[in-house]
Amino acid sequence: MESPQISIHVVIFCTLNIIIVTTIEATWCVVRSDASAQALQRGLDYACSYGADCVPIQSSGLCYLPNTIQNHASYAYNSFYQRKNEAPGSCEFSGTATIAKTDPSYGSCVYPASPRAAGGLIPPEAGGRNNTSGGISTIPVMYPPPPTNINAVYGNGSDIPNSQDSKATSPKFWTMASLVLGHLMLLFLHIF
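Going by UniProt numbering, the letters in the sequence shown line up with residues 1 to 192, in that order.
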């Protein structure tokens, strides 16, 4: 009779570890603050032309506002990066992107943190040659740049939310919640 209980404990423990590791290791691809608007526009065009889901940054999308090249490029870069399964080189965009460990989501705009949440992987044949290098596309501009005279919408004087402005939940909370719940479940199973 002890064998089934041990097996249940192992399954629960492994499941919780997978949840915790996934939460802790989540990364996002976002724009560098020192990138020029022109370089970001080229990167945005590349990402949207080669497989990123850019519907949320269109005028009717949940991530359209604030309507800045920085916000739109960050969303597109991250979508491309996630859909490339966070492959090495998929968050380069000619040096205009960087990996973030803090969720850049804000309000109702949720940045995907996995290929599944981003709508699935981009097929290897999609995007032509060397599309994970973050190079620049020669495809005509499909997404015109947003106007440059937008007022800052966040308290930090920029259009990019900082940690105080972000509505994203902290991975630390979910890590602790998972650990506490897991230990309580193991304790409960051990007692009964």
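We treat Cβ as the ideally placed atom computed from N, Cα and C, and that holds for glycine. These numbers come from a predicted model, not from an experiment.
Taking all protein chains shown into account, decide if residue i is buried (16 or more other Cβ within 10 angstroms of its Cβ) or exposed.
i	result
Leu-181	exposed
Asp-53	buried
Gly-51	buried
Gly-43	buried
Asp-34	exposed
Ala-117	exposed
Ala-73	buried
Lys-84	buried
Ile-191	exposed
Pro-123	exposed
Can you give me the Cβ contacts of residue i inside the same chain, cut-off strictly under 6 angstroms, excluding the 5 residues immediately before and after it?
i	result
Cys-63	Pro-56, Ile-57, Tyr-75, Cys-109
Gly-119	Asp-53
Gly-112	Checking the sequence, you will find Pro at residue 112 rather than Gly. Gln-82, Ala-118.
Ser-79	Ala-52, Asp-53, Ala-118
Thr-98	Arg-32
I need the DSSP call for residue i, collapsed to helix, strand or coil.
i	result
Ile-99	strand
Val-31	strand
Tyr-50	coil
Met-106	Met is not the amino acid found at residue 106; the sequence shown has Tyr there. In the structure shown, Tyr-106 sits in a strand (DSSP, three-state: E or B).
Arg-116	coil
Gln-41	helix
Ile-122	coil
Pro-56	helix
Asn-71	helix
Ala-26	coil
Tyr-64	coil
Phe-80	helix
Ser-178	helix
Just checking my contact of residue i with residue j at CB under 8 angstroms: how many whole Å lie between their CB atoms?
i	j	result
Tyr-81	Cys-91	5 angstroms
Apart from the five residues on each side of it in sequence, which residues of its chain come closer than 7 angstroms, Cβ to Cβ, to residue i?
i	result
Thr-96	Val-31, Arg-32, Ala-35, Ala-39, Leu-40, Gly-43
Ser-114	Gln-82
Is residue i near the ligand ADP, with its Cβ less than 8 angstroms from a heavy atom?
i	result
Asp-34	Absent from the structure shown: the ligand ADP. Ligands present: none.
Could you pull out every residue in the same chain whose Cβ sits closer than 8 angstroms to the Cβ of residue i, ignoring the five residues on either side in sequence?
i	result
Ala-100	Thr-27, Trp-28, Cys-29, Val-30
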